[in-house]
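Colleague: For the sequence shown, the positions run 1 to 214 when our numbering is used.
Cβ coordinates follow ideal geometry from the N, Cα and C atoms, glycine included.
Note that this is a predicted model, so its numbers are computed, not measured.
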Amino acid sequence: MVTRSRTAVDRLVDAVARRPNGSIGRALYRRPVGHMPGFRKALAVVPVTATDRILDVGCGGGVFLEMALARGCRAAGLDHSPDMVAETWKRNARAVADGRLEVVQGDAAALPYPDSLFSAVFCLHAFFFFPHPAEAIAEMARVLAPGGRMAIVTAPPASSRWVHRMFGPLARRMRFDAPENLTRWSQDGGLRPDAVHDPTETGMLFVARKPEGG
Numbered sequence: 001m002v003t004r005s006r007t008a009v010d011r012l013v014d015a016v017a018r019r020p021n022g023s024i025g026r027a028l029y030r031r032p033v034g035h036m037p038g039f040r041k042a043l044a045v046v047p048v049t050a051t052d053r054i055l056d057v058g059c060g061g062g063v064f065l066e067m068a069l070a071r072g073c074r075a076a077g078l079d080h081s082p083d084m085v086a087e088t089w090k091r092n093a094r095a096v097a098d099g100r101l102e103v104v105q106g107d108a109a110a111l112p113y114p115d116s117l118f119s120a121v122f123c124l125h126a127f128f129f130f131p132h133p134a135e136a137i138a139e140m141a142r143v144l145a146p147g148g149r150m151a152i153v154t155a156p157p158a159s160s161r162w163v164h165r166m167f168g169p170l171a172r173r174m175r176f177d178a179p180e181n182l183t184r185w186s187q188d189g190g191l192r193p194d195a196v197h198d199p200t201e202t203g204m205l206f207v208a209r210k211p212e213g214g
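1. So, P32 versus V57, is the Cβ gap smaller than 7 angstroms?
2. Please check the pair F127 and T154, which I expect to be a contact at CB under 8 angstroms, by giving their CB distance rounded to whole angstroms.
3. Counting along the chain, where does the beta strand (DSSP E) carrying V122 start and finish?
4. Could you check what DSSP says for R11 in three-state terms: helix, strand or coil?
5. T154 lies in the beta strand (DSSP E); which residues open and close that run?
6. Give the DSSP bridge partners of Q105, in chain order.
7. Run through the DSSP bridge pairs and tell me what I54 is partnered with.
8. Counting along the chain, where does the alpha helix (DSSP H) carrying A93 start and finish?
9. To which residues of the same chain is R74 closer than 6 angstroms at the C-beta, ignoring the five residues directly before and after it?
10. Bridge partners of V45, per DSSP?
11. Does the Cβ of I152 have 16 or more other Cβ atoms within 10 Å, making it buried, or fewer, making it exposed?
12. Taking all protein chains shown into account, do 16 or more other C-beta atoms lie within 10 angstroms of the C-beta of R149, making it buried, or fewer, making it exposed?
13. Using the Cα positions of A70 and T49, report the straight-line distance between them to the nearest angstrom.
14. Beta-carbon within less than 6 angstroms of L55's beta-carbon, same chain only, minus the 5 sequence neighbours each way: which residues are those?
15. Kindly indicate which three-state DSSP category P193 falls into: helix, strand or coil?
16. From what residue to what residue does the alpha helix (DSSP H) around M204 run?
17. Can you tell me which of the three DSSP states A134 falls into?
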């Protein structure tokens, strides 16, 4: 009975957050209200223009990509949920048709892109579920062009108590990474930490830059 209960909870967490799927997951990620402040913060700190080519790792329902594409950039989105890939494609069908967006299913720790392809890489409200965080950052660093920036919105340890209180089963399946961990993983990947914004909030923004000679 205990095993069945845990499996049911895991499936629910997957459906609504970790690997969004089904009617509930699709509905939540069409209007990710709780994620919007992080999306806006990321674009304010790492703005994009028509000259940029960006990657969104863990793109969910494609809302952030829609916001970025409105600024004229080209983009790619990756998610490990086939339902989220479909939602992103549908939401941004015009950009896909125009050749400004490609969306694929894939693994954050094994990105299917060549080195130095993107001027900015975003990973927003997804990193805390990645099973291999160091490898994921190394991959984001690899596909980032010299001079480009990586932006991660995630949950720091200071937010753990509140998240556990509000979203117990979900929080128990998340990681709460300290800025120091993100710094170490970024440096191991060849990036230089740039800034940490709101380090005590659930939407902490960590930014790192790839050196021009990198």
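Modeller: Taking the structure as given:
1. With respect to V57, P32 sits apart: the two C-beta atoms are not nearer than 7 angstroms.
2. Sure, about 4 angstroms apart at Cβ, within 8 angstroms.
3. A small correction: the amino acid at residue 122 is Phe; Val does not occupy that position in the sequence shown. Where F122 is concerned, the enclosing beta strand (DSSP E) stretches over F118 to L124.
4. In this structure, R11 counts as helix in the three-state DSSP scheme.
5. Note, T154: beta strand (DSSP E), L144 to T154.
6. Paired residue(s): D79.
7. For I54, which the question treats as bridged, DSSP gives the partners A75 and A120.
8. Under the DSSP assignment, A93 falls in the alpha helix (DSSP H) whose first and last residues are A93 to A97.
9. Closer than 6 angstroms at Cβ, skipping near neighbours: R53 and R100.
10. In the DSSP assignment, no residue is bridged to V45.
11. Under the 10 Å beta carbon count, I152 is surrounded by 16 or more other beta carbons and is classified as buried.
12. Buried, since its Cβ has 16 or more Cβ neighbours within 10 Å.
13. Cα to Cα, A70 sits roughly 9 angstroms from T49.
14. Contacts found: A76, F118 and V121.
15. In this structure, DSSP gives P193 an extended state, which the three-state scheme calls strand.
16. Not the alpha helix (DSSP H): M204 falls in the beta strand (DSSP E), residues M204 to R209.
17. A134: helix per DSSP, three-state reduction.
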